[in-house]
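So for the sequence shown, our numbering puts the first residue at 1; every next one is plus one.
See below for the structure under consideration.
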Amino acid sequence: METILVLLHPDAEGAIAKAGLEAIAAAHGLGGEVIIGLVGGNAAGAAKVIGGAGRVLAVEGDAFSQSRYATDAAAAQALVAASKAGIVMAPATSRWSRCLAGVAQRCGGRIDSHITAIAPEGVTRWYYRQRIEATFTRAELPWFLLLESGAASAWQGAPCDGTFERIAVEAAPRTEVKGVVSPGAGEQTVKPEAELLFVAGAGWTKKQKDGAAHVERAGELILGIVRTAGASLGSSKSLVDLSGEGQAVLPFLSHLNQVGQTGSTPRHPKGLATCCHGEEPHVVGWRFIQDRRAVNLDANCGWARGKADVLYVADAFEVMEELNRLLA
Ligand SMILES: Cc1cc2nc3c(=O)[nH]c(=O)nc-3n(C[C@H](O)[C@H](O)[C@H](O)COP(=O)(O)OP(=O)(O)OC[C@H]3O[C@@H](n4cnc5c(N)ncnc54)[C@H](O)[C@@H]3O)c2cc1C
């Protein structure tokens with residue numbers, strides 16, 4: 001079995017994101033020697049947390065703490081050379097997704113992204129978003145794999161003394177990072193770690209049984225459940241697209257909330273769709289939601305056709321009024 005290098009970028013406190021711990025667990029599932037390669041951040045702190053997962057190599061220094069193609073690629077290339085790994089795994093963070101294709105090219109290897117499962121017989125990835133899945137192997141090495149979050153359970157191990165080997169890399173950045181600009185301090189509605197995904201569909205903005213639309217009330221009910229249940233807010237494409245068409249919309253929704261074929265594929269244990277029809281391009285984004293429920297006036301909607309575990313045929317305005325009241 002080839003040696004497996006797991007690339008991670010710890011933060012300034014040495015913490016490793018959950019997706020990184022999942023990559024470690026997936027690597028251990030293959031059976032070869034696992035080496036951890038750290039880039040930037042607090043390597044000593046991180047090595048104390050994940051040192052039990054295998055030998056730890058680290059490229060440290062201010063230049064490597066910042067996300068930048070040139071320094072991340074140089075660090076990853078040096079770690080691949082030092083580890084002599086045949087398989088290089090990394091969580092599909094924006095940082096690794098940006099630079100690892102270039103590193104694979106420099107190392108004469110191959111890279112595959114959107115990996116959803118790894119086993120000794122082969123790796124599984126999706127094509128055309130998540131509509132087609134394939135399991136395959138490659139002969140070319142080193143083979144780089146970008147692992148989707150949620151594809152493995154997080155690695156757990158006892159803290160250790162934090163021993164690691166420093167790998168010297170000369171930083172030659174041509175780009176200077178002057179600062180970080182974050183989006184305005186609006187309400188955070190996308191919460192990847194939430195127990196519940198609450199999906200709002202375009203029905204919330206449509207005329208209701210009294211012949212009028214109640215978009216403002218819809219917004220209050222949706223935000224109510226997002227706050228009281230600590231839910232993550234998802235949306236159908238139709239609902240987020242409405243703003244582009246100049247219609248009355250829910251101001252807190254953006255395309256970041258969109259779930260589906262051209263949106264996201266979140267991984268919450270439970271999902272509740274409301275005023276959403278449950279069409280295939282939307283439901284395909286529910287692939288990893290384990291318990292699926294929907295509230296729709298239409299007993300013949302897409303959810304009723306095997307897409308939800310439970311469909312409540314009811315008025316979502318009434319259901320959410322009651323649910324908000326109970327949760328409050
Ligand atoms: C290439 C392609 C890619 C696409 N990608 C995506 C994607 O990524 N994500 C996505 O979501 N869609 C996607 N779509 C669009 C998708 O096919 C649907 O058009 C969309 O999901 C419909 O959104 P909706 O269910 O919110 O709206 P509608 O189809 O308008 O459904 C509204 C629903 O609300 C119900 N309703 C109304 N009032 C109430 C009430 N008071 N109580 C309960 N129920 C009520 C109605 O019965 C209806 O079922 C894609 C389409 C294409 C062609």
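Cβ atoms here follow ideal geometry from the backbone N, Cα and C, with glycine treated the same way.
Counterpart residues of residue i in DSSP-defined beta bridges
i      : result
Val59  : Val39
Lys270 : Leu196 and Asp291
Ile132 : Tyr127
Tyr69  : Note: Tyr69 sits in no beta bridge, so no partner.
Ile111 : Phe144
Ser264 : Val259
Glu165 : Leu57
His281 : First, the residue type needs correcting, since residue 281 is Pro and not His in the sequence shown. Answer by DSSP bridge pairing: none, since Pro281 is not bridged.
Backbone secondary structure at residue i - three-state DSSP
i      : result
His255 : helix
Gly54  : coil
Ser337 : This structure cannot speak to residue 337, because the chain is shown only from 1 to 328.
Phe64  : helix
Val6   : strand
Ala117 : strand
Gly230 : coil
Asn300 : coil
Leu311 : strand
Val249 : coil
Gly122 : strand
Ser153 : coil
Ser236 : coil
Status (buried if at least 16 other CB within 10 Å, exposed otherwise) for residue i
i      : result
Ala380 : Any property of residue 380 remains undetermined from this structure, which presents the chain solely from 1 to 328.
Asn257 : buried
Lys207 : exposed
Gly179 : exposed
Asp72  : buried
Arg125 : buried
Glu13  : exposed
Gly20  : buried
Arg95  : buried
Pro120 : exposed
Phe136 : exposed
Val177 : exposed
Glu165 : exposed
Thr175 : exposed
Candidates the options: closest to residue i by CA position
i      : options                           : result
Pro251 : Phe144, Thr205 and Ala154         : Thr205
Ala15  : Gly108, Gly162, Gln77 and His214  : Gly162
His214 : Trp96, Pro281, Phe317 and Cys160  : Phe317
Gly52  : Ala76, Cys160 and Trp143          : Cys160
Ser153 : Met1, Ile24 and Trp96             : Ile24
Thr228 : Thr189, Ile36, Ser264 and Gln156  : Thr189
Glu148 : Gly230, Ala90 and Val103          : Ala90
His255 : Asp291, Gly157 and Gly201         : Gly201
Val169 : His28, Ala117 and Ala78           : Ala78
Asp291 : Gly302, Leu57 and Leu311          : Leu311
Arg217 : Ala231, Leu196 and Glu321         : Glu321
Val313 : Ala101, Val6, Asn324 and Ala294   : Ala294
Lys307 : Gly278, Ala328, Val319 and Asn300 : Gly278
Ala3   : Leu21, Gly32, Ala19 and Glu22     : Sequence check: residue 3 is Thr here, not Ala. When only C-alpha atoms are compared, the closest one is Gly32.
Gly41  : Glu176, Ala75 and Val34           : Ala75
Gly263 : Val249, Ala46, Ser67 and Leu239   : Leu239
Ile118 : Gly108, Cys107, Leu145 and Arg106 : Leu145
Glu193 : Gly230, Lys209, Asp112 and Gly61  : Gly230
Pro10  : Ala139, Gly54, Lys48 and Gly234   : Lys48
Gly219 : Lys191, Val6 and Val199           : Val199
Gly86  : Gly285, Thr93 and Ala104          : Ala104
CB-CB length for residue i against residue j, believed under 8 Å
i      : j      : result
Leu297 : Asp315 : 6 Å
Ser83  : Gly37  : 6 Å
His282 : Ser232 : The pair is not a contact, with the Cβ atoms about 16 Å apart (cut-off 8 Å).
Leu57  : Ile167 : 5 Å
His268 : Leu197 : 4 Å
Tyr127 : Arg98  : That pair is no contact at about 21 Å.
Gly203 : Cys107 : Not really, about 51 Å apart at Cβ, beyond 8 Å.
Ala43  : Ala171 : Not really, about 15 Å apart at Cβ, beyond 8 Å.
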